[in-house]
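These notes are about the structure you will find just below.
In the working numbering, the protein residues as written are 9 to 375.
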């Protein structure tokens, strides 16, 4: 038996022997034989092995650190080989040994054992074990007779014996350890209570320190501990140090020389800003009034990301502008898309302000 914890263990049983019974009375108590002329049986149990779980369910004293009496239940599965021998009413003996299916000497069946028991602690290594086990056989031939009901046989036995604990002397037997009593004793221990109170104080101090670290007086998303620009107005976009990011204002007016302002985009995005609509609406109106004019849409990206990614992003930005113009009534054949990636920057890519200006689509009139 291997004890896995204070409440549960595994037990392997291997046994052999003889099981006998009396069939001379039926269920009503009459002496006319419960199964016709079957009077008695004696079944040779060649071997029977099972593996059972053992659960400790109660003790007589819940407040002792170590128990002296344990109640337990068992259940599991097993396999048995047996040969029944039947004595008939005329004292004729019918032995089924060697007459099992396929010419086998014994019948082989699965068995489910279920039991209860009580164990008394005699010393640290010796216990008195008393119990009762019922074994449910997956067949109706254990006693050599078959009937319509019940369709399965069963046999049971009571037992008693001494149980010896193996293992290191300094290691306690988990069977006798009572975790409820241990926890109860520890809760009453004044030293432990003092340690718990001290730990609560330490936790409270840590929580206060964490709250101080999370404090953000100006509400800009950067804690006061790391905010280099405290007191920024509400709604201000700041960088990781809490300082305001100054974005250039996009020019949405048409230049005096007939060119159009660039269409700006957010980081890693090809979605048009609403601020671009006035410029594109003006361009759409001019193209629809001048049916011979064509335009080249040059897409660009800032230097973040790979060259291939920025090339695709610049093409997507130019196509977003083209889609807007086509949806407003401009013939798609009059619009040429060109992807330039991160080439030809109009501002310094080493600053955020410069990168904002480089995320653009330039609108160039064709011939």
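We treat Cβ as the ideally placed atom computed from N, Cα and C, and that holds for glycine. Every value quoted in this text rests on a predicted model; they were computed, and no experiment measured them.
Give the single residue among 119, 240, 95 whose Cα lies nearest to the Cα of residue 45.
-> 95
State yes or no: is the C-beta of residue 315 within less than 8 angstroms of the C-beta of residue 350?
-> yes
Which value, in whole angstroms, describes the spacing of the CA atoms of residue 16 and residue 61?
-> The alpha-carbon atoms of residue 16 and residue 61 are separated by roughly 7 angstroms.
Write down the C-beta distance between residue 65 and residue 79 rounded to the nearest angstrom, noting that I regard them as a contact closer than 8 angstroms.
-> 6 angstroms
Helix, strand or coil: how does DSSP classify residue 278 here?
-> Three-state DSSP puts residue 278 in coil, outside helix and strand.
Considering only residues of the same chain and omitting the five flanking positions on each side of residue 348, which have a CB-CB separation below 7 angstroms?
-> 306, 307, 308, 322
Answer with buried or exposed for residue 271, where buried requires no fewer than 16 other C-beta atoms within 10 angstroms of its C-beta.
-> buried
Name the residue from 58, 297, 239 whose alpha carbon lies nearest to the alpha carbon of residue 19.
-> 58
Going by the CB atoms, is the gap between residue 77 and residue 150 shorter than 8 angstroms?
-> In this structure, residue 150 sits away from residue 77, with a CB-CB distance that is not shorter than 8 angstroms.
Verify whether the separation of the beta carbon atoms of residue 122 and residue 88 is less than 8 angstroms.
-> Not closer than 8 angstroms, so no.
Mind checking residue 114: buried by the 16 CB within 10 Å criterion, or exposed?
-> A residue is called buried once 16 or more other Cβ atoms fall within 10 Å of its Cβ, and residue 114 is buried on that count.
Cβ atoms of residue 296 and residue 329: under 8 angstroms apart, would you say?
-> Not a contact, by the Cβ cut-off of 8 angstroms.
Can you list, in chain order, the stretches of the alpha helix (DSSP H) that have 4 or more residues and sit fully within the segment 273–322?
-> Qualifying alpha helix (DSSP H) stretches, in chain order: 285–297.
Exposure of residue 274, with buried meaning 16 or more beta-carbon neighbours within 10 Å = Here residue 274 is exposed: its Cβ has fewer than 16 other Cβ atoms, across all protein chains shown, within 10 Å.
Using the rule of at least 16 other Cβ atoms within 10 Å of the residue's Cβ for burial, across every protein chain shown, is residue 92 buried or exposed?
-> Residue burial annotation: residue 92 is buried, with at least 16 other C-beta atoms found within 10 angstroms of its C-beta.
Excluding the five sequence neighbours on either side, which residues of its own chain have a C-beta within less than 8 angstroms of the C-beta of residue 278, listed in chain order?
-> 321, 324, 325, 327, 328
Taking the DSSP output, what are the residues bridged to residue 118?
-> The partner list for residue 118 (beta bridge, DSSP) reads 87.
When the cut-off is 8 angstroms and only beta carbons count, does residue 234 lie next to chain C?
-> Looking at the structure shown, chain C is missing, and only one protein chain is on hand.
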